[in-house]
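Residue numbers (full-length UniProt numbering): 1 to 401.
Taking it in order: structure first as structure tokens, then the write-up.
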């Protein structure tokens, strides 16, 4: 009776069967030198698949293929070349199957970034690309769309994404248009050979379509000139917590959501900086003398490090304040009373700070360090929208009547 030289291939699905665990197909073959069975494992790209059904189908196909080879006489000890041919065939088949389907949108973003990095593009360009991609990825995670495949999106999908982001991040029309233009760049790249993941003609972007650029309007969050600013500051005397919060925006140039999330542990008074911890990247904000005095008045050392600097009650607290904690009373009790337009918001104090620093002669590099801009092109656009030609001679004495 002939001795059976192998034990059939079986699928190992990790400890729990979760598709994110490491799977493999194993089989045993009689070692002619030791007369004992040696165990072999085959992966062949199985762990690149996260979808449970796809992973199960691939594993079964791999096990069946190995068993068929074993029955046909495959010997891992005597036919290394044959083994390489099997592996090559399986890999080629896996690659073919992968190319026949569209990647997830998240994977498509990663491939785009990797390919751009391979071209050694300028640092500013890569920073801009990563910033756009990070926002799109955040949208997918926030809305539980992380598994959406590229071939399932359409113009409406992009429109819904940008509309949600515009409202969520309080974008102005210019920012919306910048992100739309980047989507055009992505779509063109996705449709280009050798990828051809989409048909570019399926996406209609432009006039008279579902997705078109917004008409740019003057910047929201208008900066406070001297007349309006003094009137608002006079009203602040009735609302000391709102005044403190507004001064905090002015001296730090932080966004309202960044201040909401600021904890004591992120403040280093001795080092004179605050760390803003974001979902995709972090940055530091320098603490000037005026802001240092404000922070010292809070006696932060008396509270646990995980307390919020401006929390639920408008002061140091274990819970953060709501998004409308300051904006609603500002709108209802101050802005409406003074008859200000909707373009005036508390966030406008950041822009006021920038204008004041520009007028005082601070350099663009110094101001960028405060505002968080990472490239000069976006900062120049921001500055032009804020106050164009601030150093022009037309602001001084010109010629007589």
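Cβ coordinates follow ideal geometry from the N, Cα and C atoms, glycine included.
Query                                                                                                                                                                                              : Result
From this set, 57, 36, 11, which residue's C-alpha is nearest residue 4's C-alpha?                                                                                                                 : 36
Go through its chain and collect everything with a Cβ distance to residue 116's Cβ below 8 Å, but skip five positions before and after it.                                                         : 125, 126, 129
Quick one: grab the DSSP three-state call for residue 75.                                                                                                                                          : coil
Where do the N-terminal and C-terminal ends of the alpha helix (DSSP H) with residue 368 fall, by residue?                                                                                         : 364-371
Using only the alpha-carbon positions, how far apart do residue 284 and residue 22 sit?                                                                                                            : 39 Å
Please classify residue 71 as buried or exposed, where buried requires at least 16 other C-beta atoms within 10 Å of its C-beta.                                                                   : exposed
For the beta strand (DSSP E) containing residue 285, name the first residue and the last one.                                                                                                      : 282-286
Along the chain, which unbroken stretches of the beta strand (DSSP E) at least 3 residues long are found entirely within the segment 233-321?                                                      : 273-277, 282-286
For residue 359, is the classification buried or exposed, using 16 other Cβ atoms within 10 angstroms of its Cβ as the cut-off for buried?                                                         : exposed
Can you check whether the CB of residue 52 is closer than 8 Å to the CB of residue 105?                                                                                                            : no
Counting only the same chain and skipping the five closest in sequence on each side, list residues whose C-beta sits under 8 Å from that of residue 253.                                           : 285, 350, 353, 354, 370, 371, 372
Using the Cβ count rule (16 or more neighbours within 10 Å means buried), how would you classify residue 102?                                                                                      : buried
Beta strand (DSSP E) containing residue 195: first to last residue?                                                                                                                                : Looking at the DSSP string, residue 195 is not in any beta strand (DSSP E), and its letter there is neither H nor E.
Roughly how many angstroms separate the alpha carbons of residue 13 and residue 28, rounded to a whole number?                                                                                     : 17 Å
Between 175, 174, 205, which has its C-alpha nearest residue 188's C-alpha?                                                                                                                        : 205
Report the residue ranges of all alpha helix (DSSP H) runs contained in full by the UniProt domain "Core-binding (CB)" (103-191); include only those spanning at least 4 residues, in chain order. : 105-118, 123-142, 155-169, 173-191
Can you tell me the Cα-Cα spacing of residue 382 and residue 16, whole angstroms?                                                                                                                  : 51 Å
Kindly indicate which three-state DSSP category residue 29 falls into: helix, strand or coil?                                                                                                      : strand
Hey, residue 326 and residue 245 are a contact pair by Cβ (cut 8 Å); roughly how many whole angstroms apart?                                                                                       : 5 Å
Would a C-beta distance cut-off of 8 Å place residue 287 and residue 298 closer than the cut-off?                                                                                                  : no
Going by DSSP in three states, residue 9 sits in which element: helix, strand or coil?                                                                                                             : strand
Report the residue from 169, 162, 166, 168 whose alpha carbon sits nearest the alpha carbon of residue 184.                                                                                        : 162
In this structure, what does DSSP give as the bridge partners for residue 402?                                                                                                                     : Because the chain here runs from 1 to 401, residue 402 falls outside it and cannot be looked at.
Would you be able to state if there are at least three C-beta pairs under 8 Å between the segment 128-142 and the segment 224-235?                                                                 : no
How would you label residue 311, buried or exposed, when you count the other beta carbons within 10 angstroms and need 16 or more for buried?                                                      : buried
Would you say residue 309 and residue 262 are within 8 Å of each other, going by their C-beta atoms?                                                                                               : yes
Over the uninterrupted beta strand (DSSP E) stretch that includes residue 38, give me the two end residues.                                                                                        : 37-42
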